[in-house]
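**Student:** Per my numbering, the very first residue in the sequence shown carries number 936; after that it's consecutive. For glycine and all other residues, C-beta sits at the position ideal for the given N, C-alpha and C. My structure is below; once you've seen it, I'll send some questions.
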Amino acid sequence: MISKTMKKAVSLAMSLAVVTGAVAPVSASAAGTRTKPEAFGDDTYKNRFLSLYDDVVTNGQENGYLSKNNVASGGFGVPYHAVETMIVEAPDYGHETTSEAMSYIVWVAAMRDILTQGTSDASSDLSKAWKTMEIMIPTQQSGFWANTPSATYSPELDTIEEYATDEAAMVMGNTATNPIWKNFTSAYSSDKGLYLMHWLADVDNWYGYGSGTSFTLINTFQRGAMESCWETVPHPCVEELKYGNPQQGIKGIFKAPNELTIAAQWSYTNAPDAEDRAIQAVYAANRWGVGDSSVTTLAAKMGDELRNNMFDKYYKKIAVDTDSWSPSTGYESAHYLRNWYTSWGGAIDGSWTWQIGCSHCHEFYQNPLAAYALLADDGLKSGMKAENAVKDYETSLARQLEFYLWLQASNGPIAGGATNSNRGRYAPYSDGILNEDGSTTYVTSTFYDMLYVEHPVYLDPGSNHWIGNQVWAAQRLAELYYYVKTDGDKSGVTLSDGTTIEAALERILDKWVEWSLKDGIKLNDDGTYEIAASLDWSGEPDTWSGSASDNSGLSATITAYGSADAGCVASWANTLIYYAAAKGVDGKAADGSDSSTGGQALYTAKELLDRQWELYRDDIGVAKPDTNPNFVRLFEQEVVIPSYYSGTMPNGDKIEPGIKFIDIRTKYKEDPMYATLEADYNDNGKTDTTEFTYHRFWHMGDILMANGALAALYPDVTPDPTDDPIETTTEETTVTTEVSTEETTDATTAATTAVTTEKDPATTTTGDSDADPSKILW
């Protein structure tokens, strides 16, 4: 099937082919490579949502998205990061899962309930999805409410190798305490511990830290901003000293030389944008009249406890002159932003516990919509039981919007973030910030005394290149803008200079959408599309003075375009749909006749979704084939192991100095794709001809949500009519380049090969109370 718009384009291409003498036969199809009938058809965006949901969730086990071995009681099978297993991004194996994936199953389930209410296909999937998500909430949290958790300072370091020196040791006597832990103890001490998700799990126990095919919480990132996923050592969250070696377990790898014995312990790290997405979903379900009061109660508790993510790592004052020995200062340590993580842990026997916050705040982890939901929804607001919850979120909502205003580049995109702990060790701001290549950049811009950082948290590669950071952040802003414009502001919050939420959102989104339409998205005449895939940054924002400025000294440059990052394409469309609806754009504008920014936003969103569906719909989802030159690291990347450590993985793989990524993951050699990759590598030392078609769960989630948003907000807008495929002759002359911000370190090489990877939320936890910064790469 091919749309009339595309048919015209193909006819033009055919004419050009005749002129150039091209002879290669092609067949264009509006259904991509799909051979199966659509369960609900695809003539409306609602039906496209339902048909894809049928593939991904309803029949998710059969199609490989959901685990058959681990099915939540009253819920769904646990979603994998991807259907395919040979994938290294933030998860280092495709059948791991993340809290991000769990939040997506809640989000898409809520949308299904919204779209089908009052029909014969009506569902109550939100409750089932929430029960599925809860498997990521740790059950082993012995002693967390009984013992005041301490936070003992240990520095973050510039290189992985430094973590094997005494410089990485905890500094005894330099301790602090979470100032709001006692509030949660009063409100929730009947629970086993925090009602927050750990970020990563081995769904079917591929590594073997659990038993049989049991669901097992694991961790990877531990050693600073330069540690990529390729340089990690996967380890269990519950360290019983069964693997690695008897004195140090696996965690001994991450300890300093003077910390050679560790106790049996548990430790977890959250990625708060995942919890926020789940709350966003519950708010939408409630607003559209399909909520579940029991789920709302749980979402409120989760939101309440997410205030753990509003504080400095070691609870030190947010100040320009804070250093590593500055004392813990209670609420003066609150930055009120969403930081990268909170980590918590303790002894398995419950005799001691610890907890830390995070000093680093990234633009794409902020979610003003979730903060707004916790204030505007009566059930969510009243369900937060701990002291100061409403007050803290009133401050946080305003602070997050101010953060976006501060970080918006002069041409529209949103820059990286800020920290209260330069280089992760409270270095003087005058020391400069660490760059991807190990060099130093000197910046002076601050936000409420926090230092501007171009790439917060991780640097291999820099964390704010990837376009997903832009579209995920903007989607939340646009959806909130729609609610405020449609329902009125129910929060009562204004920014510090009196700016309303609506005015702040309008300023941010007008500029961001204008940049999107002008530079970020290409709708090609041949029926294909491209989006900006990677950004570079220049300059720094103006120091925050309490009001937004034009930031003439800060700009973003698009360094690559691509089309394989299906989730980002859809998330961009989702953003434009909510923006258009907030602007009051009529559905008739979907034909492109409305030249206003809002009208063009709706038209562009529809075109992206139509073209994506027509080009890349297949038998289990929507995905474009792609290659990844970074798989050379599978064979070449050394994993740093201290000279004083040796041990074994559960399957017997040796952990010792000099090992490579594959040496502690030899089970990958059994993967169906391994032999092909190995042959590719052996042929020319590269992996740039092996083709993958990845069906990431979050990609499907974003495609579902974008089609669902168009169906919910513009029910009269329908896909372009389609007719039979046509055969013609043409010559392939277009090369699409795509650069991943998380796995690509050589931009020159990457720009010549199609690559799509996305950094996923990841966090880290070391030893007793010395968790390191984390990476979350979805």
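Below 8 Å on the Cβ atoms is my guess for aspartate 882 versus leucine 985; work out the distance and round it to an integer in Å.
**Tutor:** Outside the displayed range of the chain (936 to 1713) lies residue 882, so it cannot be described from this structure.
**Student:** Give the DSSP-derived three-state secondary structure of lysine 1604 in the structure shown.
**Tutor:** For this step, residue 1604 is matched to residue 669 along the sequence shown. DSSP places lysine 1604 in helix when its eight states are reduced to three.
**Student:** Looking at the C-beta of serine 1498, does it have a partner C-beta in chain C at a distance below 8 Å?
**Tutor:** The structure shown has no chain C; it contains just one protein chain.
**Student:** Go ahead and pull the three-state DSSP assignment for glycine 1281.
**Tutor:** For the purposes of this step, residue 1281 is taken as residue 346 along the sequence shown, with counting starting at 1. Of the three classes helix, strand and coil, the one that applies to glycine 1281 here is strand, per DSSP.
**Student:** Among residues of its own chain, excluding the 5 on either side of arginine 1360, which ones have a beta-carbon nearer than 7 Å to its beta-carbon?
**Tutor:** Taking the sequence shown and counting its residues from 1, the one referred to as residue 1360 is at position 425. Here the set comprises Pro1090, Glu1091, Ser1259.
**Student:** Using the rule of at least 16 other Cβ atoms within 10 Å of the residue's Cβ for burial, across every protein chain shown, is alanine 1017 buried or exposed?
**Tutor:** Position 82 of the sequence shown, counted from the first residue, corresponds to residue 1017. The residue in question, alanine 1017, is buried, as its Cβ has 16 or more Cβ neighbours within 10 Å.
**Student:** At what residue ranges does the segment 1157 to 1195 contain a whole run of the alpha helix (DSSP H), taking only runs of 4 or more?
**Tutor:** DSSP runs (the alpha helix (DSSP H)) wholly in the segment 1157 to 1195: none.
**Student:** Our contact map puts aspartate 1239 next to lysine 1320 with C-beta atoms below 8 Å; I'd like the distance itself, whole angstroms only.
**Tutor:** As a working mapping, residue 1239 is identified with position 304 in the sequence shown. As a working mapping, residue 1320 is identified with position 385 in the sequence shown. About 6 Å; that satisfies the 8 Å criterion.
**Student:** If we ignore side chains and look at the alpha-carbon of each, how far apart do glycine 1373 and tryptophan 1472 end up?
**Tutor:** Translated into the one-based positions of the sequence shown, residue 1373 becomes position 438. Translated into the one-based positions of the sequence shown, residue 1472 becomes position 537. So the alpha carbons of these two residues sit roughly 17 Å apart.
**Student:** Please confirm whether arginine 969 and aspartate 1606 have their CB atoms less than 8 Å apart.
**Tutor:** Stepping through the sequence shown from its first residue, residue 969 is reached at position 34. Stepping through the sequence shown from its first residue, residue 1606 is reached at position 671. For arginine 969 and aspartate 1606, no; Cβs fall outside 8 Å.
**Student:** Can the beta-carbon of alanine 1499 be found less than 8 Å from the beta-carbon of lysine 1559?
**Tutor:** Locating residue 1499 in the sequence shown gives position 564, where the first residue counts as 1. Locating residue 1559 in the sequence shown gives position 624, where the first residue counts as 1. Closer than 8 Å, so yes.
**Student:** How long is the line joining the alpha carbons of threonine 1595 and tyrosine 1609, rounded to whole angstroms?
**Tutor:** The residue given as residue 1595 occupies position 660 in the sequence shown. The residue given as residue 1609 occupies position 674 in the sequence shown. At residue 1595 the sequence reads lysine, which differs from the threonine that was named. Going from the Cα of lysine 1595 to the Cα of tyrosine 1609 covers about 16 Å.
**Student:** Is serine 1331 buried or exposed, if buried means 16 or more other CB atoms sit within 10 Å of its CB?
**Tutor:** One-based indexing of the sequence shown puts residue 1331 at position 396. When all chains shown are included, serine 1331 counts as buried.
**Student:** Would tyrosine 1288 and proline 1084 qualify as a contact pair, given that the criterion is a beta-carbon distance under 8 Å?
**Tutor:** Locating residue 1288 in the sequence shown gives position 353, where the first residue counts as 1. Locating residue 1084 in the sequence shown gives position 149, where the first residue counts as 1. One point to set straight first is that residue 1288 is threonine, not tyrosine, in the sequence displayed. Yes. Within cutoff.
**Student:** Let me make sure I understand the geometry here. Which of Tyr1088, Ala1044, Gln1200, Leu1050 has the alpha-carbon closest to that of threonine 1067?
**Tutor:** Numbered from its first residue, the sequence shown carries residue 1067 at position 132. The shortest C-alpha separation from threonine 1067 is found at Ala1044.
**Student:** Using 8 Å for Cβ pairs, my map puts methionine 1105 next to asparagine 1205. What's the rounded Cβ distance?
**Tutor:** Taking the sequence shown and counting its residues from 1, one reaches residue 1105 at position 170. Taking the sequence shown and counting its residues from 1, one reaches residue 1205 at position 270. With a Cβ gap of about 22 Å, methionine 1105 and asparagine 1205 do not count as contacting.
**Student:** For the alpha helix (DSSP H) that contains lysine 995, what are its first and last residues?
**Tutor:** In the sequence shown, counting from the first residue as 1, residue 995 sits at position 60. Strictly speaking, residue 995 in this sequence is glycine, with lysine absent from that position. It spans 995 to 998 - the alpha helix (DSSP H) in which glycine 995 sits, taken as one unbroken run.
**Student:** Shortest alpha-carbon distance to glutamate 1475 belongs to which of Gly1351, Leu1336, Asp1432, Ser1426?
**Tutor:** Along the sequence shown, one-based indexing puts residue 1475 at 540. When only C-alpha atoms are compared, the closest one is Gly1351.
**Student:** When you compare the segment 1217 to 1225 with the segment 1303 to 1315, are there three or more beta-carbon pairs, one atom per stretch, that lie closer than 8 Å?
**Tutor:** In short, these stretches touch, since the Cβ pair count reaches three.
**Student:** Figure out for me which residue from Thr1033, Ala1517, Gly1587, Leu1430 has the closest Cα to the Cα of glutamate 1600.
**Tutor:** Taking the first residue of the sequence shown as position 1, residue 1600 is located at position 665. Contrary to the premise, residue 1600 reads as arginine rather than glutamate in this sequence. Here the closest residue by C-alpha is Gly1587.
**Student:** Tell me whether aspartate 1313 is buried or exposed, calling it buried when 16 or more other Cβ atoms sit within 10 Å of its Cβ.
**Tutor:** For the purposes of this step, residue 1313 is identified with residue 378 of the sequence shown, where counting begins at 1. Classification of aspartate 1313: exposed, given that the 10 Å Cβ count is below 16.
**Student:** For the beta strand (DSSP E) holding glutamate 1031, just list the boundary residues, first then last.
**Tutor:** On the sequence shown, position 96 is the one that residue 1031 refers to. Glutamate 1031 -> beta strand (DSSP E) spans 1031 to 1033.
**Student:** Three or more beta-carbon pairs under 8 Å between the segment 1640 to 1647 and the segment 1021 to 1032, yes or no?
**Tutor:** The segment 1640 to 1647 is not in contact with the segment 1021 to 1032.
**Student:** Roughly how many angstroms lie between the CA atoms of valine 961 and threonine 1562, to the nearest whole one?
**Tutor:** Indexing the sequence shown from 1 puts residue 961 at position 26. Indexing the sequence shown from 1 puts residue 1562 at position 627. Residue confidence is low: valine 961 scores 30 on pLDDT, short of 50, so the model does not pin down where it sits. No coordinate-derived value is stated.
**Student:** For the pair the segment 1384 to 1391 and the segment 1288 to 1300, tell me if three or more CB-CB distances fall below 8 Å.
**Tutor:** These segments touch.
**Student:** Here's a check: name, in chain order, each residue in its chain whose Cβ is nearer than 8 Å to the Cβ of glycine 1224, leaving out the five neighbours to either side.
**Tutor:** Position 289 of the sequence shown holds residue 1224. These residues qualify, in order along the chain: Gln1052.
**Student:** Would you kindly work out how many angstroms separate the C-alpha atoms of serine 1380 and tyrosine 1266, rounded to a whole number?
**Tutor:** The sequence position of residue 1380 within the sequence shown is 445, counting from 1. The sequence position of residue 1266 within the sequence shown is 331, counting from 1. Going from the Cα of serine 1380 to the Cα of tyrosine 1266 covers about 23 Å.
**Student:** Tell me whether the beta-carbon of tyrosine 1538 lies closer than 8 Å to the beta-carbon of valine 1448.
**Tutor:** As a first step, residue 1538 is located in the sequence shown; it is residue number 603 there, counting from the start. As a first step, residue 1448 is located in the sequence shown; it is residue number 513 there, counting from the start. Contact: no.
**Student:** Can you pull the DSSP bridge partners for glutamate 1573?
**Tutor:** Within the sequence shown, the letter at position 638 stands for residue 1573. Beta-bridge pairing links glutamate 1573 to Lys1595.
**Student:** From Leu1511, Ser1578, Tyr1249, Tyr1015, pick the residue whose C-alpha is nearest to that of threonine 1754; which is it?
**Tutor:** The shown model of the chain, from 936 to 1713, leaves out residue 1754, and the question about it has no answer.
**Student:** Aspartate 1461 to glutamate 1549, Cα distance in whole Å?
**Tutor:** Position 526 of the sequence shown holds residue 1461. Position 614 of the sequence shown holds residue 1549. Approximately 13 Å between the Cα atoms of the pair.
**Student:** Just to confirm, is the Cβ distance from alanine 1344 to leucine 1489 under 8 Å?
**Tutor:** Position 409 of the sequence shown, counted from the first residue, corresponds to residue 1344. Position 554 of the sequence shown, counted from the first residue, corresponds to residue 1489. Cβ atoms of alanine 1344 and leucine 1489: closer than 8 Å.
**Student:** Less than 8 Å between the CB atoms is what I'm expecting for isoleucine 1283 and glutamine 1200, so what's the real figure, rounded?
**Tutor:** Start at 1 with the first residue of the sequence shown, and residue 1283 comes out as number 348. Start at 1 with the first residue of the sequence shown, and residue 1200 comes out as number 265. Isoleucine 1283 to glutamine 1200, Cβ: 6 Å. Contact.
**Student:** Going by the CB atoms, is the gap between histidine 1634 and glycine 1502 shorter than 8 Å?
**Tutor:** On the sequence shown, residue 1502 is found 567 positions in, with the first residue counted as 1. On the sequence shown, residue 1634 is found 699 positions in, with the first residue counted as 1. Result yes, Cβ atoms of glycine 1502 and histidine 1634 sit closer than 8 Å.
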